[in-house]
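Okay, so here's the structure we're looking at.
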Amino acid sequence: MNEAEARMLLSTDAGMWAVWDRQTFQHITGYEEWEDELGEDKDILRHIASGAFVPIYIRADGAAEFTLRVSRNPSLTDREQKYLFLKSDSYLLETEDSCALSAIEEIGHEPERAIRFKLPPGIYTVRVHMLDWNAECKDQGMDPSSGVTLPDYVILISPATERTGYRQKLDTFEPPRGSSEADND
Numbered sequence: 001m002n003e004a005e006a007r008m009l010l011s012t013d014a015g016m017w018a019v020w021d022r023q024t025f026q027h028i029t030g031y032e033e034w035e036d037e038l039g040e041d042k043d044i045l046r047h048i049a050s051g052a053f054v055p056i057y058i059r060a061d062g063a064a065e066f067t068l069r070v071s072r073n074p075s076l077t078d079r080e081q082k083y084l085f086l087k088s089d090s091y092l093l094e095t096e097d098s099c100a101l102s103a104i105e106e107i108g109h110e111p112e113r114a115i116r117f118k119l120p121p122g123i124y125t126v127r128v129h130m131l132d133w134n135a136e137c138k139d140q141g142m143d144p145s146s147g148v149t150l151p152d153y154v155i156l157i158s159p160a161t162e163r164t165g166y167r168q169k170l171d172t173f174e175p176p177r178g179s180s181e182a183d184n185d
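Those letters in the sequence shown? Residues 1 to 185, by UniProt numbering.
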């Protein structure tokens, strides 16, 4: 397995990004096919359960910077670990070779804005990490527009050995303890 890392700014108007298997969604060439496959939560949950779709969903539109890291044993850097805000449980990704990270509205045959990457056929563990890059800027007295800030998200992908025990929820992260969402569960 080749190690790889990529970084890109991606925008969504649908409140969600995803790591997805390109073969599963290659038939999507227009809105009707997209709507049939991803238009409702139940459709997305079906793809999560099959291992074709890993959501990055915080229920907010906008732009975010992503670092995608693929390795046998990927990890956060010390700097990333210091400013880790939230991390997901592991999601399953199954692919024949070609995947992408993009906004959900970009999913289809040929996404315009995406990190495209290849993996050997198989199953993979995907963990999503949200960083508090703004805290680093405050701590270090950095200008947020300097171009040296941490990304919003770091996604770690590694080979998996089992198909069971993975997160199958639409929301990527559990609410932090003490938040009103966590208190309502």
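Built from N, CA and C at the ideal position, the CB exists for glycine as well.
For the candidate residues the options, whose alpha-carbon lies nearest to that of residue i?
| i | options | result |
| --- | --- | --- |
| Ala-18 | Glu-3, Glu-33, Leu-45 | Leu-45 |
| Met-1 | Pro-74, Pro-176, Glu-162 | Pro-74 |
| Pro-55 | Tyr-83, Ser-90, Gln-26 | Ser-90 |
| Ser-71 | Glu-5, Tyr-153, Arg-59 | Glu-5 |
| Pro-159 | Glu-40, Ser-88, Leu-119 | Leu-119 |
| Met-8 | Ile-48, Glu-40, Arg-69 | Arg-69 |
| Leu-10 | Gln-26, Trp-133, Asp-61, Arg-167 | Asp-61 |
| Trp-20 | Thr-12, Ser-50, Glu-3, Gly-39 | Ser-50 |
| Arg-177 | Phe-85, Arg-22, Tyr-153 | Phe-85 |
| Pro-175 | Asp-97, Arg-59, Ala-114 | Arg-59 |
| Asp-152 | Phe-66, Cys-137, Asp-78 | Phe-66 |
| Thr-161 | Ser-146, Arg-113, Glu-94, Trp-133 | Glu-94 |
| Ala-114 | Pro-121, Cys-99, Gly-122 | Cys-99 |
| Ala-14 | Trp-34, Phe-25, Cys-137, Thr-24 | Trp-34 |
| Leu-131 | Asp-36, Phe-53, Thr-12, Thr-77 | Thr-77 |
In the structure shown, what three-state DSSP assignment does residue i receive?
| i | result |
| --- | --- |
| Lys-169 | coil |
| Arg-163 | coil |
| Ile-104 | helix |
| Ala-135 | helix |
| Leu-38 | helix |
| Asp-69 | The sequence given here places Arg at residue 69; Asp does not occur at that position. Arg-69: strand per DSSP, three-state reduction. |
| Glu-33 | helix |
| Asp-183 | Here the model assigns Asp-183 a pLDDT of 44, short of 50, so the residue's position is not dependable and the matter cannot be decided. |
| Ile-28 | coil |
Start and end of the beta strand (DSSP E) containing residue i?
| i | result |
| --- | --- |
| Tyr-124 | 122-131 |
| Glu-5 | 4-12 |
| Arg-22 | Where Arg-22 is concerned, there is no enclosing beta strand (DSSP E), although the alpha helix (DSSP H) it sits in stretches over 22-25. |
| Leu-92 | 91-95 |
| Val-148 | That residue, Val-148, is in no beta strand (DSSP E); it is neither H nor E in DSSP. |
| Ile-115 | 114-118 |
| Pro-74 | Counting along the chain, Pro-74 falls outside any beta strand (DSSP E), and DSSP gives it neither H nor E. |
| Pro-55 | 53-57 |
Go to residue i, then tell me how far its alpha helix (DSSP H) extends in each direction, as first and last residue.
| i | result |
| --- | --- |
| Arg-46 | 41-50 |
| Glu-80 | 78-82 |
Is the beta carbon of residue i within less than 6 Å of some heavy atom of the ligand NAD?
| i | result |
| --- | --- |
| Tyr-83 | The ligand NAD is not part of this structure, which contains no ligands at all. |
Open item on the list: Three or more C-beta pairs under 8 Å: does that hold for the region 24-44 against the region 119-136?
Closed with: no
Task: Stretch pair the region 22-38 + the region 98-117: three plus CB contacts closer than 8 Å - done: yes
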